[in-house]
Amino acid sequence: MDIMLAVVCVLILSIVLLYLGQRFRLPSIVSFLIIGMLAGPFGFALITDQTLIGTIGEIGIVLLLFTIGLEFSFQSFLRSWRAVLIGGIVQVCTTIVAITLITLAFQMPFAEALIFGFIISLSSTAIVMKILQEKGEVDTIQGRTLLGILIFQDLAIIPMMLVLPLLAGNGAGLDISLIPYQVTKIALIILVIIVLGYWVIPRLLFRVAKERSRELFLFTIAGICVVIAWLTSEAGLSFTLGAFIGGLIIGESDYNIDALGHIIPFRDVFAAIFFLSIGMLLNTSIVLGNFGYVALIILIIFGVKILTGAFSAAVLGMQTRVCVFCGLALAQIGEFSFVLAKSGLDAGVIQVPVYQLFLAGAVVTMAFTPFAMSASPSVVDLLYRLFPNRISREITLRPGETAPEEGLSNHIIIAGYGITGKSVARAATLAGIPYMVIELNPEIIREERSQYRPNFIFGDAVQEEVLEHAGIRQARTLVVAVSEEEAIPRIIHTARQLAPDVHILARTRHVRNAQHLLDLGADEVISEEFESALEIFTRALNHYQIPDEEVVRIIERTKRLGNALFTRCTDPNQHRKVQNFETLFKATHVHTVRVEPGSSVEGKAIAELGLKDRFGIREFGFRRGTMRFTQPDPTMRLEAGDTLVFFISDEKAGKIIPLFSAGK
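In our numbering, the protein residues as written are 33 to 696.
See the structure below:
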C-alpha cells in the first residue's frame, strides 16, 4: 500500500478507536495498542514492513523516554524517600523473585525467567498517575505511596537494562567474567552524567538561551538527546536508556521548564508512535491459538502484582485501605516493560511466541487498571466484613495511653490531619476543647503525637472499630477532612449509624457531592469549589468599581445560599424554600447598566424610574465617574455615562436594560 494512503487510513482508524476508547473510559495506551494490532501485518495489513515498524518504534520510545526523563524530579524522590526506597525495593524485588520462581516451574530457562521477573515487576506510571489526577488523589497518602513506588520502578530500569546484555551473553545464566567490565561501564556512565549535568550542558544551554532563538534551542535539546543516546549505544547499552539519561540531565538544569515546553506538544505523538509499533507486533493468531496460556499469564500477573503491591504498602506501615488500593493500582504492565521485552526479543533471550503472549497479557492488564482502582473501596469493605478481628488490630495505641472512650467526652474527632485538620486542632487547643485525631499516615502520627498531644490514632476512619476507639458515641462533633474523596461518604455513613446525635462536618471538593453527603447523614458540608468560587467572585467584583456595600450585599446573599444548600434540612417546608431559593439564585446575576445618551431615562430622577414598584428592586449600586453610592438620593437626575448595578434575574434585566439604551 502507498505510504501516504497507509498514513491516512491509520489516522482515520486512530480517530475512530480513540473516540470509542474515550466513550468506554479505556486508557489511551490501550487504544493505541489495539490500533496497532488492527493496522499491522497481522490485522488489516495497512503497514506490513517489519523493518519500518521497528524503526518507528525505536524513534518513538527514544523520544518518549527523553520526555519522561525531563519530567523526572529528584525533589519528588527526596520528598517520598521512604516510599521510594523501602516500598519500591520491596515491591520490585518480591515481584521479580515470585515471577522468576513461577516461570522456572514452567521449565523456562533462568535468563528468560529473570527477564520476565524484571518485565512484570514494573507498572505504568502514565496510567496510574493519570487516574490519580482525574480522581484528585495525587496528594493523598495512597497517591504519595504509589508515586514513590513508581519512581523507584522508573529508576530500576537502569540496572535492569545493564544486566540484560549479561543475560543475552549466556542463555543458561549470567556470564560472570563480564561483571567487572559492566561495573566499570556503570561507573563511567555515572561519571559522564555528573560531568555533563553539572558543568557542560548548563553552560551550553545558557549560551544557546542567550540567542533567544526557539529553533536553535529546540535543536540543541534534540541534539543533546541524540548524542547521549548514541554514546550509551556505543558503550553497549541501548538508545532508549541514553535518551532517558539525556532527559534527566536537562531536567535537572535551570532550563528544564523551557525544554519541557518545547517537547510537551510532541510527547503524546511520541507515545502514540511507540505503542502503535508495539501493537503492530502482536500476532493475534498466536494469541487466539494459545488462549489458555494467555489467561493463565494474566491471572499470574494480577495475582502476584496485587499481593506484592499490597505487601510493599504494608511494609511502609499503611492501613488496609491504602494497601489494597496500591496493590490494585500496580497490577498492570508498565511502559518500560515494553522496552525490556523488546530488548530481550532482539537479544534472542525471549522467544517470539512467549513475547506474543506477553503482549496480550500487557494489553489486558492495562485495560483493567481503571476498573480495578475504582473497585478498591468495595474490596476493602469486603475485607473489613470477612476479617473484622484482624482489621481491628490495626488500631495502634501509644504505650500507657488511656482509651479515648474512657477519658474523653464532648470532644471533637478530626478524621484527616492535613492543613484543614491541623487548623481545626489548633482552634480546639486555643478554645480548650479536647480532640481526637484519626490519621492514616504513620509518619504524621510519629511526628505529631507527644505527651502534650497524646490523642492520635493511626487508623482508617471508615472502620467502625476505629471510630468507636476514638469515642464517636461520646463525641459532640466529627470533622471529616480526609483527602480521599471516595472515603468521605463511607466515613459519614458509618459515623451516623454509630452516633445518631453527633454533629458531622465534612469537607468535599465539588459542589455536586454536597447533597449526597447530606443525604448520608452529614449536618454541614464545606465545598472547596464553592468557597474558592466565592473568594474569586468577591475579588473580581472589587475590580469593577461596584460600591463596597453592594459587593457585601451580593456576597452575603451568596453565603446564605451556601448555608442553605450545604446544611442538612429535615423540615420539608424548609427544604422546599431552599429549593426555591436555589432556583431563584441560579437565574440571578450581576447586571451593570450604563445610561446612554439619548435614552428615555436620561435627565429623569431616580425616583421616576419606579424600580421598586415596577420591577421589585429595592437595592442597587450607583456609580458616576469616580463616585460610588449604595443608596443614592432619589431626586438625583440621571446623566449620560452614569452606571447602575443590579443583582437581578435575567428576565428582569431584559425589561430594564432597554430603558437605558439610546432610541428606546
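Glycine included, C-beta positions come from ideal geometry on N, C-alpha and C.
- Per DSSP, phenylalanine 692 lies in no alpha helix (DSSP H) segment and is marked neither H nor E.
- In this structure, DSSP gives alanine 447 an extended state, which the three-state scheme calls strand.
- In the same chain as tyrosine 287, and ignoring 5 residues on each side of it, the C-beta atoms closer than 7 Å to its own belong to Leu237, Ala241, in chain order.
- Of the candidates Val622, Ile66, Gly283, Val622 places its Cα closest to the Cα of phenylalanine 678.
- At a Cβ-Cβ threshold of 8 Å, alanine 394 and isoleucine 382 do not count as neighbours.
- Between glycine 120 and phenylalanine 184, the CB-CB gap stays under 8 Å.
- Tyrosine 230 sits in a helix when the DSSP states are folded into three classes.
- In the structure shown, the three-state DSSP call for valine 514 is coil.
- Following the DSSP letters along the chain, one finds glycine 642 in no beta strand (DSSP E), marked with neither H nor E.
- Taking 8 Å as the cut-off, the beta carbon of alanine 527 is found no closer than this to the beta carbon of leucine 549.
- Two segments are said to touch when three or more pairs of C-beta atoms, one from each, lie closer than 8 Å; by this definition the segment 130 to 149 does not touch the segment 303 to 323.
- Going by C-alpha positions, valine 386 is about 24 Å away from isoleucine 91.
- Within the same chain, Cβ atoms closer than 7 Å to the Cβ of aspartate 492 are found at Gln351, Thr352, Arg353, Leu472, Val498, the five residues on either side in sequence being excluded.
- By the beta-carbon neighbour count (other beta carbons within 10 angstroms, threshold 16), leucine 248 is exposed.
- Classified as exposed, serine 441 has fewer than 16 neighbouring CB atoms from the shown chains inside 10 Å of its CB.
- Measuring C-alpha to C-alpha distances from glycine 648 to each of Leu45, Gly324, Ile688 identifies Ile688 as the nearest.
- Contact between threonine 83 and proline 73 does not hold, since their C-beta atoms are separated by about 12 Å, which reaches or exceeds 8 Å.
- Among the bridge pairs identified by DSSP, threonine 675 is matched with Arg626, Arg655.
- Taken through DSSP and simplified to helix, strand or coil, leucine 58 comes out as coil.
- Straight-line spacing of the CA atoms in phenylalanine 343 and cysteine 125 works out to 12 Å.
- Sequence-distant partners of alanine 639 (beyond 5 residues in either direction) whose C-beta falls short of 8 Å from its own C-beta, in its chain, are Pro666, Thr667.
- DSSP, read as helix, strand or coil, puts leucine 196 in helix.
- Arginine 235 has its alpha-carbon roughly 12 Å from the corresponding atom of valine 227.
- Within the same chain, and ignoring the five residues on either side of aspartate 555 in sequence, the residues whose Cβ sits closer than 6 Å to its Cβ are His535, Ile536, Arg600.
- The beta carbon of leucine 348 sits closer than 7 Å to the beta carbons of Arg114, Ala115, Ile118, Gly119, Thr177 from its chain, once the five residues preceding and following it are set aside; these are given in chain order.
- Annotation for valine 469: the continuous beta strand (DSSP E) segment containing it runs 467 to 471.
- Contact check for isoleucine 310 and phenylalanine 370: beta-carbon distance about 5 Å, within the 8 Å limit, so the pair qualifies.
- Closest in alpha carbon position to isoleucine 524, among His501, Thr252, Val494, is Val494.
- The Cβ atoms of isoleucine 256 and isoleucine 233 lie closer than 8 Å to each other.
- In the structure shown, histidine 542 falls within a coil segment according to DSSP collapsed to helix, strand and coil.
- The secondary-structure analysis by DSSP pairs alanine 304 with nothing; it has no beta-bridge partner.
- Taking each of Ala346, Asp290, Ile282, Met193 in turn and checking the Cα distance to alanine 379, the smallest one comes out for Met193.
- Residue burial annotation: aspartate 171 is exposed, with fewer than 16 other C-beta atoms found within 10 angstroms of its C-beta.
- Within the same chain, Cβ atoms closer than 6 Å to the Cβ of valine 625 are found at Leu676, Ile689, Phe692, the five residues on either side in sequence being excluded.
- When only Cα atoms are considered, arginine 244 and aspartate 290 end up about 12 Å apart.
- Taking the Cβ atoms as the reference, threonine 540 lies roughly 6 Å from isoleucine 520, within the contact range of under 8 Å.
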